[in-house]
Ligand SMILES: [Zn+2]
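Numbering (our numbering), first residue to last: 59 to 124.
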């Protein structure tokens, strides 16, 4: 059996290996009964940027449709 104590950090979105510090974090909320669990999976630079752009897109879209 191999030890996985030093697992490389990988991007949550594209599974690319992250060297150094993650560029950003996603945000996931889970509701379990009365408890809210919060997870912030690491993202590589490209995905952190893409996700923040997507979030901005969504805001503009909603404004246009309303
Ligand atoms: Zn990525």
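Glycine included, each C-beta is placed from N, C-alpha and C at the ideal position. Keep in mind it's a predicted model, so treat the numbers as computed, not measured.
Where residue i falls, given that 16 or more other Cβ within 10 Å makes a residue buried
i, result
"residue 55", "Summary: the structure shown does not reach residue 55, with the chain confined to residues 59 through 124, and so no result is reported for it."
"residue 82", "buried"
"residue 8", "Outside the shown range of the chain, which is 59 to 124, sits residue 8, and nothing can be said about it."
Any non-hydrogen atom of ligand 1 closer than 8 angstroms to residue i Cβ
i, result
"residue 101", "yes"
"residue 116", "no"
"residue 74", "yes"
"residue 113", "no"
"residue 104", "yes"
Nearest neighbour of residue i, chosen from the options [CA to CA]
i, options, result
"residue 79", "71, 103 and 96", "103"
"residue 77", "97, 66 and 86", "66"
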